[in-house]
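Peer 1: Its first residue numbered 98, the sequence shown is counted upward by one per residue in my numbering. The structure under discussion is supplied below as structure tokens; questions concerning it will follow.
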Amino acid sequence: MNRRLEAIAALVRNGKGLVDVGTDHGYLPAALAISGYGGRLYASDINEAPLMAAKRTAEANGVSNRISFLLCDGLSLCPPEEIDTIVIAGMGGDLIVKILDEAEWCLDARYQLILQPMTKAEVLRYWLVYNGFGIDCETLAEDGGHLYQIISARFGKEIRLNDAELFAGSRFFSADKDLYARHLRRLSARFEHALSAMKGRDEGPRAGLYREISTQLTELERQL
Ligand SMILES: C[S@@+](CC[C@H](N)C(=O)[O-])C[C@H]1O[C@@H](n2cnc3c(N)ncnc32)[C@H](O)[C@@H]1O
98 MNRRLEAIAA LVRNGKGLVD VGTDHGYLPA ALAISGYGGR LYASDINEAP
148 LMAAKRTAEA NGVSNRISFL LCDGLSLCPP EEIDTIVIAG MGGDLIVKIL
198 DEAEWCLDAR YQLILQPMTK AEVLRYWLVY NGFGIDCETL AEDGGHLYQI
248 ISARFGKEIR LNDAELFAGS RFFSADKDLY ARHLRRLSAR FEHALSAMKG
298 RDEGPRAGLY REISTQLTEL ERQL
């Protein structure tokens, strides 16, 4: 496994069962089975080829009997009673939202959601907050020059995030303060770049957007 998947695995608590949605190569469920995860493991993918790859990974590691393979869209074939952990990693934040939105049963405090958006983390955090999820913790994994955001969430705890925190995550939930500071610096640089590309737009039709980005940049710098 790479560091990103290792960081995801580190958030998994031993329990009743786990589904890895969009498993692709199936490294995560295989690694969990090998490392002694005691519950049932489900690996799902919408495409047949990745699911076949996941089956090969399980076979090669002698853990086929521990994992059930589901060819389906999102959580549609996942048995809610058999699991307590849902992992959705390596997809865009908007796709993760779509998958969660289509499985209303996951709005239940018995499920720990471990989510790793590749893009649009702010869309995912907005959906979580808006739908009554609390964020237990967030962690960042550094791999190949990228910083990956990993969110552990559970239904039933009210939290508030300002706009900058929707993009960056809140420092209160962040496990590694050094990586979090680097993550904030990278985001600030992105916002600064957007502002300089919009130079002169602090008046006129784009003024609202300009002011919004400026406010978020100020908030990110305040957090830093
Ligand atoms: C980039 S891979 C991520 C693999 C793995 N989860 C990881 O983090 O390394 C994305 C996988 O999600 C699958 N996928 C995309 N949309 C999906 C959906 N709606 N339901 C289930 N799987 C999906 C793709 O077929 C692909 O195998």
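We put the CB at the ideal spot given by N, CA and C, even for glycine.
1) Examine the Cβ distances between the segment 172-191 and the segment 204-221 and report whether three or more of them are shorter than 8 Å.
2) Please report the residue range of the beta strand (DSSP E) in which residue 183 lies.
3) Return yes when at least one heavy atom of ligand 1 lies under 8 Å from the C-beta of residue 195, else no.
4) Thinking just about the alpha-carbon of each residue, which of 135, 306, 245, 123 is nearest to the one in residue 144?
5) So the candidates are 211, 149, 311; which of them puts its Cα closest to the Cα of residue 106?
6) Assign residue 126 to one of two classes, buried (16 or more other C-beta atoms within 10 Å of its C-beta) or exposed (fewer than that).
7) Residue 250 and residue 225: beta carbons closer than 9 Å?
8) Note the first and the last residue of the continuous alpha helix (DSSP H) segment covering residue 283.
9) I believe residue 246 touches residue 231 by the beta-carbon criterion, under 8 Å. Please report the beta-carbon distance rounded to the nearest angstrom.
10) Tell me the residue span of the alpha helix (DSSP H) that contains residue 109.
11) Residues bridged to residue 261 by DSSP?
12) I'd like to know if the segment 149-161 and the segment 175-184 are in contact, where contact means that at least 3 CB-CB pairs between them fall below 8 Å.
13) Determine, using beta carbons only, whether residue 139 and residue 121 come nearer to each other than 9 Å.
14) Examine ligand 3 and report whether any of its heavy atoms sits within less than 8 Å of the Cβ of residue 191.
15) Please state whether DSSP places residue 134 in a helix, a strand or coil.
Peer 2: Looking at the coordinates:
1) Yes, since at least three Cβ pairs between the segment 172-191 and the segment 204-221 fall closer than 8 Å, the two stretches touch.
2) Position 86 of the sequence shown, counted from the first residue, corresponds to residue 183. That run of the beta strand (DSSP E) goes 182-188.
3) By 1-based counting over the sequence shown, the position of residue 195 is 98. Yes, Cβ of residue 195 sits closer than 8 Å to a heavy atom of ligand 1.
4) Position 47 of the sequence shown, counted from the start, is the residue given in the question as residue 144. The residue among 135, 306, 245, 123 with its C-alpha nearest the C-alpha of residue 144 is 123.
5) Taking the first residue of the sequence shown as 1, we reach residue 106 at position 9. Taking only the C-alpha atoms, the option nearest residue 106 is 211.
6) As a position in the sequence shown, residue 126 is number 29, starting the count at 1. Per the 10 Å Cβ criterion, buried.
7) Translated into positions along the sequence shown, residue 250 becomes position 153. Translated into positions along the sequence shown, residue 225 becomes position 128. Yes; because the gap between Cβ atoms is below 9 Å, this pair is in contact.
8) Position 186 of the sequence shown, counted from the first residue, corresponds to residue 283. Unbroken alpha helix (DSSP H) run through residue 283: 274-294.
9) Working through the sequence shown from its first residue, we reach residue 246 at position 149. Working through the sequence shown from its first residue, we reach residue 231 at position 134. In fact, because the Cβ distance is near 17 Å, the residues do not count as touching under 8 Å.
10) Reading the sequence shown from its first residue, position 12 is the one you call residue 109. No alpha helix (DSSP H) holds residue 109; DSSP gives it neither H nor E.
11) Along the sequence shown, one-based indexing puts residue 261 at 164. According to DSSP, which records beta bridges pairwise, residue 261 is partnered with nothing at all.
12) no
13) As a working note, residue 139 is residue 42 in the sequence shown. As a working note, residue 121 is residue 24 in the sequence shown. Against a cut-off of 9 Å, the Cβ pair of residue 121 and residue 139 comes out as no contact.
14) Among the ligands in the structure shown, ligand 3 does not appear; only ligand 1 can be found there.
15) Counting from one through the sequence shown, the residue named residue 134 turns up at place 37. It is coil, neither helix nor strand.
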